[in-house]
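Engineer: Input: one structure, supplied below.
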Amino acid sequence: MIQFLHTSVRGVLLGAALLTASVTASYAQLGMTRPQGRQILDGIVAKVDNQIVLRSDVEALYAQETARAEGKPLPPDLRCRILQSLALNKLMLAKAEVDSVVVEDTRVKSELDRRMAYFIQQIGSEKKLEEFYNKPVKQLKEELRIQVKEQLVQQEMQDKISGKVSVTPREVRQFFSRIPKDSLPYYSTEVEVGQIIRFAKTNSKAKQAAQAKLNELRARIQGGEDFATLAKQFSQDPGSAAEGGYLGFFKRRELVPEYEAAALRLEPGQLSPVVESPFGFHLIQLIERKGDSFSSRHILLKPETGANDVSEAAQELTKLRQRILSDSITFAKAAKDNSDDKTSGGNGGLIANRQDGSTYLPLDKLDPAIFFAIDTMKVGSITAPMPYRTDDGKDAMRILWLKSNTPPHQANLTDDYQKIAAAALNEKKTKALDEWFAQNRGTVYLEVDPQYADCKVLSTVN
């Protein structure tokens, strides 16, 4: 039977989406188990060439799927399915090694920093995250590094196998026609909402305060205090503060120009003056140069914004709203050219559904701030500027546009073409992956623990 708009265990794994939900949902989501009471002894349950699958890998994902099920019955062979998916991923890694598929360390570090920053923001603070896992952030990052690198390599391999797969309108219609009528999903009310965000401008007093603080820290370092210790205490960069501000090696043009230019003017061990970039103000210390790469550490301070700064953003949005309502510019064009949120701005201002990537948002799962703003709006209306705080804590203002409001209905090609096309594409990509697995599963050495002898490891997932 066709799985319509459903993400299987293997789909989650191959998509490397293990670390995107809330920290509190499952200990598995950071790729580790939180220390608590008695635990099952770990061990190898499968080998695929030189790649291994640990019992803890299976159990962590089993716990994650259990949490997602929210009390609903789980498939009796779920552990087998998980082991099978993990083994298939290990097959990808084994073949990636043969095909010389590599991921740059800078990309691994960037993704690792992004994920850690996300979890720190979700749980509330770096200290709370360390208390949650009873480990320092630096150790958590080191334990995650291998997993992140493997996931990125798997993404590269998956893209190599199915990245060029596409579907035609005819294939979408054929896919839809094969779905039994009684299996068509019933959608609740869905809306498409656009936004234009303008960040609050940092006032001169806040900038001066940040610069003065960094100059004070610079003097303390020159007076003999340790840079790394002060970075851990004062830096507001969640990705590097726990490591004493250390950023590692980067090549030219991989960091923002302001930072790179200042760092490359230094000699190893030398401190920069205070440097401003889009991220805030930096105090930089060059550590080492290696050919076209350099390593450095920094202390980042982000100036606080004030109430007066938000009013300027509100005035800008009020003028922009008037232009849109008078048809002198479209909302999509205004968002692309003016929104400080580049993700939605690049999508014509439309907010993406994090579950499937579409622009359709279920009304019953909408952010309350958006729900109450659009609840009584007519399609095509635009709100007045409203206060907004970004996920990373920035003060801002935004206007919201209600593009569409689709009433509850059973899936159909007219209203749900985007979703159906995505499901058809996913099915076609899955088929391409299955064909690749069928061609390559016999080319690797496989050994499975007797406990899982009945599992059909490295066979096609249903």
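Going letter by letter, the sequence shown gives residues 0 to 461 in numbering that gives the first Met the number 0. Beta carbons are placed, not taken as given, at the ideal position from N, Cα and C, and that holds for glycine.
Within its chain, find whatever has a CB closer than 7 angstroms to the CB of Ile81; leave out the 5 residues flanking it on each side and keep chain order.
Structural biologist: Here residue 81 refers to the residue found at position 82 when the sequence shown is read from its first residue. Hits under 7 angstroms: Val8, Val57, Leu60, Tyr61.
Engineer: Looking at the ligand NAP, does it come within less than 6 angstroms of Lys318, judged from the CB to the closest heavy atom?
Structural biologist: For the ligand NAP, the structure offers nothing, since it holds no ligand at all.
Engineer: For the beta strand (DSSP E) that contains Pro386, what are its first and last residues?
Structural biologist: One-based indexing of the sequence shown puts residue 386 at position 387. It spans 385 to 388 - the beta strand (DSSP E) in which Pro386 sits, taken as one unbroken run.
Engineer: Check each candidate in Leu128, Arg144, Ala421, Ser403 and name the one with the smallest Cα separation from Arg106.
Structural biologist: Looking up residue 106 in the sequence shown gives position 107. With distances taken between Cα atoms, Arg106 lies closest to Arg144.
Engineer: Using 7 angstroms as the threshold, is the C-beta distance between Ala95 and Asp48 below it?
Structural biologist: Along the sequence shown, read from residue 1 onward, the residue named residue 95 stands at position 96. Along the sequence shown, read from residue 1 onward, the residue named residue 48 stands at position 49. Contact flag unset, no.
Engineer: Looking at the unbroken beta strand (DSSP E) that takes in Phe249, where does it start and where does it end?
Structural biologist: By one-based count along the sequence shown, residue 249 stands at place 250. Unbroken beta strand (DSSP E) run through Phe249: 245 to 250.
Engineer: Answer with buried or exposed for Glu191, where buried requires no fewer than 16 other C-beta atoms within 10 angstroms of its C-beta.
Structural biologist: One-based indexing of the sequence shown puts residue 191 at position 192. Classification for Glu191: buried.
Engineer: Out of curiosity, what's the CA-to-CA distance linking Leu183 and Lys137?
Structural biologist: On the sequence shown, residue 183 is found 184 positions in, with the first residue counted as 1. On the sequence shown, residue 137 is found 138 positions in, with the first residue counted as 1. Computed Cα separation, rounded: 47 angstroms.
Engineer: Can you list, in chain order, the stretches of the beta strand (DSSP E) that have 3 or more residues and sit fully within the stretch 379 to 438?
Structural biologist: Here the runs fully enclosed are 385 to 388, 394 to 405.
Engineer: Taking all protein chains shown into account, do 16 or more other C-beta atoms lie within 10 angstroms of the C-beta of Val456, making it buried, or fewer, making it exposed?
Structural biologist: By one-based count along the sequence shown, residue 456 stands at place 457. With 16 or more other Cβ atoms within 10 Å, it is buried.
Engineer: Judging by CA-CA distance, which residue of Glu242, Gly441, Lys126, Lys148 is the nearest neighbour of Val102?
Structural biologist: To locate residue 102, count along the sequence shown from 1; it is residue 103. Answer by Cα proximity: Lys148.
Engineer: Whole-angstrom Cβ separation of Phe330 and Gly244, contact assumed at under 8 angstroms?
Structural biologist: Indexing the sequence shown from 1 puts residue 330 at position 331. Indexing the sequence shown from 1 puts residue 244 at position 245. Phe330 to Gly244, Cβ: 41 angstroms. No contact.
Engineer: According to DSSP, what are the bridge partners of Phe280?
Structural biologist: Residue 280 sits at position 281 when you count from the first residue of the sequence shown. Glu275, Leu300.
Engineer: Indicate whether the contact test is met: 3 or more Cβ pairs, each with one atom in the stretch 316 to 331 and one in the stretch 407 to 414, closer than 8 angstroms.
Structural biologist: The stretch 316 to 331, when compared against the stretch 407 to 414, does not touch it at the 8 angstroms Cβ threshold.
Engineer: Return yes when the Cβ of Phe280 is within less than 7 angstroms of the Cβ of Leu213, no when it is not.
Structural biologist: In the sequence shown, counting from the first residue as 1, residue 213 sits at position 214. In the sequence shown, counting from the first residue as 1, residue 280 sits at position 281. Yes, the Cβ-Cβ distance between Leu213 and Phe280 is below 7 angstroms.
Engineer: How about Val309 and Asp363: are their beta carbons less than 7 angstroms apart?
Structural biologist: Sequence index remark: in the sequence shown, residue 309 carries index 310 (1-based). Sequence index remark: in the sequence shown, residue 363 carries index 364 (1-based). In this structure, Asp363 does not lie closer than 7 angstroms to Val309 by Cβ.
Engineer: What residue range is occupied by the uninterrupted beta strand (DSSP E) comprising Glu191?
Structural biologist: Against the sequence shown, residue 191 aligns to sequence position 192. 189 to 198 is the extent of the beta strand (DSSP E) around Glu191.
Engineer: Report, in whole angstroms, the separation of the C-beta atoms of Gln235 and Leu299, which I expect to be a contact under 8 angstroms.
Structural biologist: Within the sequence shown, the letter at position 236 stands for residue 235. Within the sequence shown, the letter at position 300 stands for residue 299. With 8 angstroms as the limit, Gln235 and Leu299 qualify as a contact, their Cβ atoms being about 5 angstroms apart.
Engineer: Would you mind working out which of Gln150, Phe436, Ala452, Gly290 sits nearest Leu90, comparing C-alpha positions?
Structural biologist: Here residue 90 refers to the residue found at position 91 when the sequence shown is read from its first residue. The residue with the shortest Cα to Cα distance from Leu90 is Phe436.
Engineer: Just checking, does the stretch 164 to 172 make contact with the stretch 335 to 355 on the three C-beta pairs under 8 angstroms criterion?
Structural biologist: Verdict: no, contact absent.
Engineer: Can you check the stretch 308 to 333 for any alpha helix (DSSP H) of at least 4 residues that lies completely inside it and give the ranges in chain order?
Structural biologist: Runs found: none.
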